[in-house]
Amino acid sequence: MTKNTLQWYNDLTLEYFYKSISNFQEQIRLPHHDVVYVRAAIRADTGKTYTYEQVYTAMKAEGWTKD
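Anchor point for the sequence shown: position 18 equals 17 in numbering that gives the first Met the number 0, and the numbering is continuous, going up by one each time.
So this is what it looks like as structure tokens:
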């Protein structure tokens, strides 16, 4: 049996998480809490909303290693 791995980085993350645990077929990768906080801070400071994936990629490029 192969498992599908899904990565969701948008505002529907929680909905997809519950869906994945209800059918036990798919796995979902939730963003690290640091990514969530940084994304919220960027939105509060600039008014611009980036996806979780964009924030995660930028944090990794800047040397963040808590993944």
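Where a beta carbon is used, it is the ideal one built from N, C-alpha and C, also for glycine. All of these numbers come straight from a predicted model, not from anything done at the bench.
Beta-carbon gap between residue i and residue j smaller than 7 Å
i: LYS65; j: ASP33; result: yes
i: PRO30; j: TYR49; result: no
Which listed residue (the options) has its alpha carbon closest to that of residue i
i: GLU61; options: GLU14, VAL37, GLY46 and THR12; result: VAL37
i: ARG28; options: SER21, TYR15 and ASN22; result: TYR15
Span of the alpha helix (DSSP H), counted from its first residue to its last, around residue i
i: ASP33; result: 32 to 45
i: LYS59; result: 51 to 60
6 Å CB neighbourhood of residue i in its chain, flanking five on each side removed
i: TYR55; result: VAL34
Contacting residues, own chain, Cβ-Cβ under 8 Å from residue i (five flanking each side not counted)
i: THR12; result: ILE27, LEU29, PRO30 and TYR51
Contact set for residue i: own chain, Cβ-Cβ below 7 Å, skip 5 residues either direction
i: MET0; result: Note that MET0 scores 48 on pLDDT, short of 50, meaning its location in the model is unreliable; the coordinates nonetheless yield the value given after this. None.
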